[in-house]
Amino acid sequence: MTGASPASAVPPPLLAVPPRPQRPLPPLRLLRTAASDTVGIFDEELFDELVVVRRYGIATLAYVSDPAGIRHVLVDRFDDYPRLPLIRRLYEPEMGTGTLATAGPIWWRHRRIAAPTLDRRALAPDAPGLAAAAEAQAEALSGQVGAPMNIEAQVSRIWMDLLNRMVTGGDPRGLPILAWLAKVPRKPKALDLMPMPAWLRDRLSPARQSPERQALRAALRGLIAERMAEGYAGPQDLLWRLARATDRETGQRLPLDELRDEASALMGAGEATIRALTWIWYLLGLHPEVEARVHAELDAVLGAAPIAPDHLRGLVYTRRVLDEVMRLYPPIPIVPRQARRRDTICGRTIPRGAIVIVAPWIVHRHRKLWSDPETFDPDRFTEARSRDRPRFAHIPFSVGPGMCSGSHFASMQMLILVAALARRYRFRPVPDVPVSPFGGISLHPRGGLWVVPERR
Ligand code: HEM
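Quick note: to get my numbering, add 23 to the position in the sequence shown (first position is 1).
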């Protein structure tokens, strides 16, 4: 266990969490609870035991929080633990062959082609434009100083603008496509849950035949086709990089329809960033001493200058704060997998077909992995206090070949946006509005997060 916090006379504030059952939920309650709050099913035992295997008739649920077990499932035996077919099916209508919706050889090919378009080197030219846009968007909030606002909604709007700059160079045709993809996956209908070929599902589902959807898909295809054309002289954005990207193993490019699928996955997967950019203001609002250190760092590193890419390296404490925000409120709280064959994880038998749950929500609050796990303490991420921590105790972006391909972009976008907002404002919690986290695919505050911005 690592990361003990220094003794303090004042008890730390209690943080909002969903109700935690004392004992495992019986099967029907488990299903009912999971439908409205995926993290509300996690009972006390899961935060004490590193591997828990439970059988429900012919079904098995295995919760794996042991760092060695996480490595086994997500890294070493990656191909034996694909994403749940049900979850892939929910992404499949819009993302087809894209990385969120596939497994096996198609996934590997897409991953080899797509991931480098979002790596640190590819993103470097985007940073100055993103920083300038974040500053402008943050300044535009000044008209709302003193009035309660749902910061989640504000951040979501700003995030979309920044994402559109990275993806399409700021083309206004990108915004409705992003807004549509941000809603994927939609609430499943019975038809989505039945296994059948994609073309048949398309025929049977009226929503998939909607003219709006067809138009947005065609628009995205068109934006990519423009970038593939000879003589294209527009921005060298994500779609441009994707259109030209080749598979390092075969030298081949993706055909246009598969490019559209992959672009949809990359454009739709990033909304987790909004969650981290929301929870941070909740935690800073409760911890003025941490907020003061963030402000002091921003003042020292930025001075009066506009944010520039070189500043980001200096924001060491702000980075720690973001790491701690994503520990306590992991934007993606659950990474579920299905065992393709019988296996043994940390000495426990896992039958074929078992659902294996690696849950950042559990791992990050596990009593055997963290001391004072329920306390917000960014300094647990100092180099000295991180040294003895198992590598897979902090996994907000998951790990292994299937880890988040947008993690560099997300980290850069979060740092820039936190800097742009926190150098201008304090966000005070609105009194008497309860904060209540709940898990879907990502971890939201129910009803948003209400704050009052004050000029610093
Ligand atoms: C704080 C922000 C983010 C967090 C915490 C996060 C977290 C994650 C996690 C945990 C996964 C693995 C899910 C699973 O395997 O079931 C994932 C996958 C993915 N993420 Fe992110 N993500 C973030 C932002 C982004 C952004 C900004 C993008 C794109 C611009 C992105 C693109 C993707 C894609 C494409 C995948 C699927 C990867 C694959 O299968 O190859 N994410 N993300």
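Virtual Cβ for every residue (Gly too), placed ideally from N, Cα, C.
For Glu253, which of helix, strand or coil comes out of DSSP? Coil at Glu253, not helix or strand.
Quick check on the burial criterion: 16 or more other C-beta atoms within 10 angstroms. Buried or exposed for Asp284? The residue is buried, with at least 16 neighbouring Cβ atoms inside 10 Å.
Stretch-stretch touch, CB-based, cutoff 8 Å, three pairs: the segment 245-264 with the segment 103-118: No, because fewer than three Cβ pairs between the segment 245-264 and the segment 103-118 fall closer than 8 Å, the two stretches do not touch.
Nearest-angstrom Cα separation, counted from Arg224 out to Ala433: One C-alpha to the other measures close to 33 Å.
For the ligand HEM, any of its heavy atoms closer than 8 Å to the Cβ of Pro148? The answer is no for Pro148.
Quick one: what's Arg451 bridged to in DSSP? Paired residues: Val475.
Would you mind working out which of Ser287, Val75, Leu38 sits nearest Arg46, comparing C-alpha positions? Looking at the Cα atoms, Val75 is the closest of the given residues.
Report yes or no: do three or more beta-carbon pairs, one from the segment 244-251 and one from the segment 226-236, lie closer than 8 Å? By the Cβ rule, the segment 244-251 does not count as touching the segment 226-236, because fewer than three pairs are nearer than 8 Å.
For Thr25, collect the residues of the same chain with a Cβ closer than 6 Å to its Cβ; drop the 5 residues on either side in sequence, then sort them by chain order. With a pLDDT of 47 at Thr25, under the threshold of 50, the predicted position of this residue should be treated as unreliable, and no value is reported.
Could you give the DSSP three-state label for Ala27: helix, strand or coil? Low local confidence applies: a pLDDT of 46 at Ala27 is under 50, so the model's placement there is unreliable, and no value is given.
Does the segment 131-143 touch the segment 454-474, meaning 3 or more C-beta pairs lie closer than 8 Å? With the cut-off at 8 Å, the segment 454-474 and the segment 131-143 do not touch.
Boundaries (first-last residue) of the alpha helix (DSSP H) holding Pro468: First-last for Pro468: 466-468, but that is the beta strand (DSSP E), not the alpha helix (DSSP H).
Reduced DSSP secondary structure (H/G/I, E/B, other) of Val33: It is coil, neither helix nor strand.
Examine the ligand FMN and report whether any of its heavy atoms sits within less than 8 Å of the Cβ of Gly152. In the structure shown, the ligand FMN is absent; the only ligands present are the ligand HEM.
Where the alpha helix (DSSP H) through Tyr114 begins and ends: Unbroken alpha helix (DSSP H) run through Tyr114: 108-118.
Using only the heavy atoms of the ligand HEM, determine whether one of them is closer than 8 Å to the beta carbon of Pro428. Correcting the residue identity first, residue 428 is Ser in this sequence and not Pro. Relative to the non-hydrogen atoms of the ligand HEM, the Cβ of Ser428 comes within a distance shorter than 8 Å of at least one.
Just curious, the alpha helix (DSSP H) that Leu282 is in, first and last residue? Residues 279-291.
Ser421 to Ala319 span [Cα, whole Å]: Ser421 and Ala319 have their C-alpha atoms roughly 31 Å apart.
In chain order, what residues of the same chain have a beta carbon less than 6 Å from the beta carbon of Gly168, not counting five sequence neighbours either side? Checking the displayed sequence, the identity of residue 168 turns out to be Val instead of Gly. If the five residues before and after Val168 are omitted, its C-beta is found closer than 6 Å to the C-beta atoms of Pro476, Arg478, all from its own chain and listed in chain order.
Can we count Phe404 as close to the ligand HEM, meaning its CB is less than 8 Å from some heavy atom? Remark: the C-beta of Phe404 is outside contact range of the ligand HEM, defined as less than 8 Å to any heavy atom.
Let me make sure I understand the geometry here. Which of Arg363, Arg364, Val348 has the alpha-carbon closest to that of Phe404? Ranking Arg363, Arg364, Val348 by Cα distance to Phe404 puts Val348 first.
In the structure shown, what three-state DSSP assignment does Met2 receive? Because residue 2 is not part of the residues shown, which for the chain are 24 to 479, the question remains open.
Relative to the alpha-carbon of Ala416, which residue among Ala147, Pro383, Pro220 has its alpha-carbon at the smallest distance? Of the candidates Ala147, Pro383, Pro220, the one whose C-alpha sits nearest the C-alpha of Ala416 is Pro383.
Proximity test, Ser179 beta-carbon vs the ligand HEM heavy atom, cut-off 8 Å: With a cutoff of 8 Å, Ser179 does not count as near the ligand HEM, since its C-beta is closer than that to no heavy atom of the ligand.
Segment contact flag, the segment 300-318 with the segment 367-381, C-beta cutoff 8 Å, min 3 pairs: Between the segment 300-318 and the segment 367-381, the count of Cβ pairs shorter than 8 Å is below three; the stretches do not touch.
Using only the alpha-carbon positions, how far apart do Thr120 and Pro220 sit? Using only the alpha carbons, I get a separation of about 13 Å.
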